[in-house]
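A.B. asks: When the letters of the sequence shown are read in order and numbered with this note's numbering, they come out as residues 7 to 352. Dropping the structure in here first, questions after.
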Amino acid sequence: MNPQANLIFIISLLLGTTITISSNHWIMAWTGLEINTLAILPLISKSHHPRAIEAATKYFLTQSAASALVLFSSMTNAWHTGQWDITQLTHPTSSLILTSAIAMKLGLVPFHFWFPEVLQGSPLTTGLLLSTIMKLPPIALLYMTSHSLNPTLLTTLAILSTALGGWMGLNQTQIRKVLAFSSISHLGWMAIIIIYNPKLTLLNFYLYAMMTATIFLTLNTIKVLKLSTLMTAWTKIPSLNAMLLLTLLSLAGLPPLTGFLPKWLIIQELTKQDMAPAATLISLLSLLSLFFYLRLAYCTTITLPPHTTNHMKQWRTNKSTSIMIAILTTMSVLLLPISPMILTIV
7 MNPQANLIFI ISLLLGTTIT ISSNHWIMAW TGLEINTLAI LPLISKSHHP RAIEAATKYF
67 LTQSAASALV LFSSMTNAWH TGQWDITQLT HPTSSLILTS AIAMKLGLVP FHFWFPEVLQ
127 GSPLTTGLLL STIMKLPPIA LLYMTSHSLN PTLLTTLAIL STALGGWMGL NQTQIRKVLA
187 FSSISHLGWM AIIIIYNPKL TLLNFYLYAM MTATIFLTLN TIKVLKLSTL MTAWTKIPSL
247 NAMLLLTLLS LAGLPPLTGF LPKWLIIQEL TKQDMAPAAT LISLLSLLSL FFYLRLAYCT
307 TITLPPHTTN HMKQWRTNKS TSIMIAILTT MSVLLLPISP MILTIV
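Here you go:
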């Protein structure tokens, strides 16, 4: 793709995200979501492969349906209350429609079918954008309307997302699909706590985005898309493979790594809210996703001989990307000891 065009699309993406996050009026939030959708479509379909075109089409159809529902929800609320302010979403029907629309935007169960397919058809860099920055505007809208959402509906969606995210990721061999189901599972953890402690949802999202960015950038550096190629990728940059192992375990939420922090805090908050059964259930369901993280980690560290003789270590890597991966990996692994400081900031 033309670098100038690429730059325009990335700037539009950031602009759309900023507009949605900073708006108080529903129409402005909707405009930001639309700019986001239109900016990411060329980035998904830039390879001109039939699978990429299919992914872009699926993405466009689901996101436009979700945007229409957001608009419908805000208009219904304005009709009944006379308010266009995002924080004044008080009508129960509007709240229900908005929850469905945001679930569709994020890829929460039962609106999750598009996400693994779209991620599989996109390049790794676009997959990174889809998994992180494209999730921020819908989560910001949930954050702003969290006081008027239906707790039972969100808890149900969250538990189903964690269950299906873990269950459907078990038999995947494509790494992008595994990461898509991992994302669905993590969104379940974010959705269950949004009503009781919205700041915890944001903290969970930031840490998830950081760990996912590390994994996507690492996979992009070693050019790996399948589990079978991951097994022989250790000869390229052995140290990076070792760090990928730790980041995967962190994303699984194992102590003493960074990924344990949001899970620990969410379980603690749910217990305070007398939701110990929900906390127990979501913890047990996250064991399903732990299995496929361990499978990925095993494939990362297994040292199968390379298929060809000229499969040598890379002696020259992209310096700026290497520095970014080094910083992100360190943060993805070592932030748990400074959790009190993180909590004072949040």
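Note that beta-carbon positions come from the ideal geometry of N, C-alpha and C, so glycine has one too.
Excluding sequence positions up to five away, which residues of its chain have a Cβ less than 8 Å from the Cβ of Lys-232?
C.D. replies: Along the sequence shown, read from residue 1 onward, the residue named residue 232 stands at position 226. Only Thr-179, Gln-180 and Ile-181 meet the Cβ criterion.
A.B. asks: Would you say the stretch 194 to 206 touches the stretch 271 to 286, given that touching needs at least three Cβ pairs under 8 Å?
C.D. replies: The stretch 194 to 206 is in contact with the stretch 271 to 286.
A.B. asks: Spatial neighbours of Lys-183 within its chain, please: CB distance less than 8 Å, with the 5 preceding and 5 following residues excluded, ordered by chain position.
C.D. replies: As a position in the sequence shown, residue 183 is number 177, starting the count at 1. Pro-122, Leu-125, Gln-126 and Gly-175.
A.B. asks: Please list, in chain order, all residues of the same chain as Val-339 whose beta carbon is under 7 Å from its beta carbon, the five residues on each side excluded.
C.D. replies: Reading the sequence shown from its first residue, position 333 is the one you call residue 339. If we look at Val-339 and ignore the five residues flanking it on each side, its Cβ neighbours are Leu-252, Thr-253, Ser-256, Leu-263 and Thr-264.
A.B. asks: Throw me the rounded Cβ distance for the Gly-38 and Ser-29 pair, which I believe falls under 8 Å.
C.D. replies: Within the sequence shown, numbered from 1, the residue matching residue 38 stands at position 32. Within the sequence shown, numbered from 1, the residue matching residue 29 stands at position 23. Gly-38 to Ser-29, Cβ: 6 Å. Contact.
A.B. asks: Out of Pro-144, Ser-191 and Ile-288, which has the shortest C-alpha to C-alpha gap to Thr-43?
C.D. replies: The residue given as residue 43 occupies position 37 in the sequence shown. Comparing Cα-Cα distances from Thr-43 to each of Pro-144, Ser-191 and Ile-288, the minimum goes to Pro-144.
A.B. asks: How many angstroms separate the CA atom of Leu-163 from the CA atom of Val-115?
C.D. replies: As a working mapping, residue 163 is identified with position 157 in the sequence shown. As a working mapping, residue 115 is identified with position 109 in the sequence shown. Rounded to whole angstroms, Leu-163 to Val-115 spans 6 Å at the Cα level.
A.B. asks: Alpha carbon to alpha carbon, what distance is there between Lys-269 and Ala-239?
C.D. replies: Counting from 1 along the sequence shown, the entry for residue 239 is found at position 233. Counting from 1 along the sequence shown, the entry for residue 269 is found at position 263. Roughly 31 Å separates the two Cα atoms.
A.B. asks: Once the 5 residues before and after Ser-154 are set aside, which same chain residues still bring their CB inside 7 Å of it?
C.D. replies: As a working note, residue 154 is residue 148 in the sequence shown. If we look at Ser-154 and ignore the five residues flanking it on each side, its Cβ neighbours are Leu-95, Thr-96 and Ser-101.
A.B. asks: Please report how far the alpha carbon of Leu-112 lies from the alpha carbon of Ile-139, in whole angstroms.
C.D. replies: For the purposes of this step, residue 112 is taken as residue 106 along the sequence shown, with counting starting at 1. For the purposes of this step, residue 139 is taken as residue 133 along the sequence shown, with counting starting at 1. So the alpha carbons of these two residues sit roughly 11 Å apart.
A.B. asks: When the Cα atoms are used, what is the spatial distance from Trp-85 to Phe-78?
C.D. replies: Taking the sequence shown and counting its residues from 1, one reaches residue 85 at position 79. Taking the sequence shown and counting its residues from 1, one reaches residue 78 at position 72. When rounded, the distance between both Cα atoms is 10 Å.
A.B. asks: Taking Pro-261 as the reference, give the member of Thr-350, Trp-32, Thr-63 and Leu-296 with the closest Cα.
C.D. replies: Position 255 of the sequence shown holds residue 261. With distances taken between Cα atoms, Pro-261 lies closest to Leu-296.
A.B. asks: Drop a sphere of 10 angstroms on the beta-carbon of Asn-83, count the other beta-carbons inside from all chains shown, and report buried for 16 or more, exposed for fewer.
C.D. replies: In the sequence shown, residue 83 corresponds to position 77, counting from 1. Buried is the call here.
A.B. asks: Which residue marks the beginning of the alpha helix (DSSP H) containing Lys-205, and which one marks its end?
C.D. replies: Here residue 205 refers to the residue found at position 199 of the sequence shown. Element bounds for Lys-205: 204 to 228.
A.B. asks: Under three-state DSSP, which class holds Gln-10?
C.D. replies: Along the sequence shown, read from residue 1 onward, the residue named residue 10 stands at position 4. Three-state result, Gln-10: helix.
A.B. asks: Return the chain-ordered list of same chain residues with a C-beta closer than 8 Å to the C-beta of Ile-25, the five sequence neighbours on each side being excluded.
C.D. replies: Numbered from its first residue, the sequence shown carries residue 25 at position 19. Correct list, in chain order: Met-34, Ala-35, Thr-37, Gly-38 and Ile-41.
A.B. asks: Less than 8 Å between the beta carbons of Ala-107 and Leu-148, yes or no?
C.D. replies: Here residue 107 is taken as the residue at index 101 of the sequence shown, counted from 1. Here residue 148 is taken as the residue at index 142 of the sequence shown, counted from 1. Cβ distance not < 8 Å, so Ala-107 and Leu-148 don't count as in contact.
A.B. asks: Classify Lys-232 as helix, strand or coil using the three-state DSSP reduction.
C.D. replies: For the purposes of this step, residue 232 is taken as the residue at position 226 of the sequence shown. It is a strand residue.
A.B. asks: Are the CB atoms of Ala-197 and Leu-136 nearer to each other than 8 Å?
C.D. replies: Here the question's residue 197 lines up with position 191 in the sequence shown. Here the question's residue 136 lines up with position 130 in the sequence shown. Going by C-beta atoms, Ala-197 is not nearer than 8 Å to Leu-136.
A.B. asks: Just the Cα atoms here: how many angstroms apart are Ile-50 and Pro-98?
C.D. replies: Numbered from its first residue, the sequence shown carries residue 50 at position 44. Numbered from its first residue, the sequence shown carries residue 98 at position 92. Spanning the two alpha carbons is a distance of roughly 36 Å.
A.B. asks: Do you know offhand how far Thr-168's Cα is from Leu-193's?
C.D. replies: In the sequence shown, residue 168 corresponds to position 162, counting from 1. In the sequence shown, residue 193 corresponds to position 187, counting from 1. Distance between the alpha carbons of Thr-168 and Leu-193 is about 8 Å.
A.B. asks: Who does His-31 pair with in a DSSP beta bridge?
C.D. replies: Here residue 31 refers to the residue found at position 25 of the sequence shown. Asp-91.
A.B. asks: Using the C-alpha atoms, what's the distance from Ile-344 back to Asn-12?
C.D. replies: Within the sequence shown, numbered from 1, the residue matching residue 12 stands at position 6. Within the sequence shown, numbered from 1, the residue matching residue 344 stands at position 338. Distance between the alpha carbons of Asn-12 and Ile-344: 37 Å.
A.B. asks: Among residues of its own chain, excluding the 5 on either side of Thr-307, which ones have a beta-carbon nearer than 8 Å to its beta-carbon?
C.D. replies: Numbered from 1 along the sequence shown, position 301 holds the residue referred to as residue 307. The residues are Trp-240, Asn-247, Ala-248 and Leu-251.
A.B. asks: Compare the Cα-Cα distances from Thr-350 to each of Ser-18, Leu-206, Phe-211 and Leu-287 and report the closest residue.
C.D. replies: Your numbering for residue 350 matches position 344 in the sequence shown. When only C-alpha atoms are compared, the closest one is Leu-206.
A.B. asks: Looking at Ile-165: is its Cβ nearer than 8 Å to the Cβ of Ile-273?
C.D. replies: Taking the sequence shown and counting its residues from 1, the one referred to as residue 165 is at position 159. Taking the sequence shown and counting its residues from 1, the one referred to as residue 273 is at position 267. No, they are not a contact pair.
A.B. asks: Taking buried to mean at least 16 other C-beta atoms within 10 Å of its own C-beta, is Val-230 buried or exposed?
C.D. replies: The count along the sequence shown starts at 1 and reaches residue 230 at position 224. Its Cβ being crowded by 16 or more others within 10 Å, Val-230 is buried.
A.B. asks: Does the Cβ-Cβ distance between Phe-222 and Gly-133 come in under 8 Å?
C.D. replies: Numbered from its first residue, the sequence shown carries residue 222 at position 216. Numbered from its first residue, the sequence shown carries residue 133 at position 127. Their beta carbons are under 8 Å apart, which means Phe-222 touches Gly-133 by this criterion.
A.B. asks: Residues in its own chain within less than 6 Å of Gln-69 by CB, not counting five upstream and five downstream?
C.D. replies: For the purposes of this step, residue 69 is taken as residue 63 along the sequence shown, with counting starting at 1. Taken in chain order, the residues that qualify are Thr-43.
A.B. asks: Select from Ile-103, Lys-141, Ile-348 and Pro-56 the residue whose C-alpha is nearest the C-alpha of Ser-128.
C.D. replies: Sequence index remark: in the sequence shown, residue 128 carries index 122 (1-based). Ser-128 has its Cα closest to that of Pro-56, out of Ile-103, Lys-141, Ile-348 and Pro-56.
A.B. asks: Here's the rule I'm using: 16 or more other beta-carbon atoms within 10 Å means buried, otherwise exposed. How should Gly-259 be labelled?
C.D. replies: Within the sequence shown, numbered from 1, the residue matching residue 259 stands at position 253. Gly-259 should be labelled buried.
A.B. asks: With a threshold of 6 Å on Cβ separation, who are the neighbours of Trp-120 within its own chain once the five nearest residues in sequence on each side are excluded?
C.D. replies: As a first step, residue 120 must be located in the sequence shown, where it is residue number 114. Excluding positions up to five away in sequence, the list reads Lys-64 and Thr-68.
A.B. asks: Between which two residues does the alpha helix (DSSP H) harbouring Phe-374 extend?
C.D. replies: Since the displayed the chain opens at 7 and closes at 352, residue 374 lies outside it and no answer follows.
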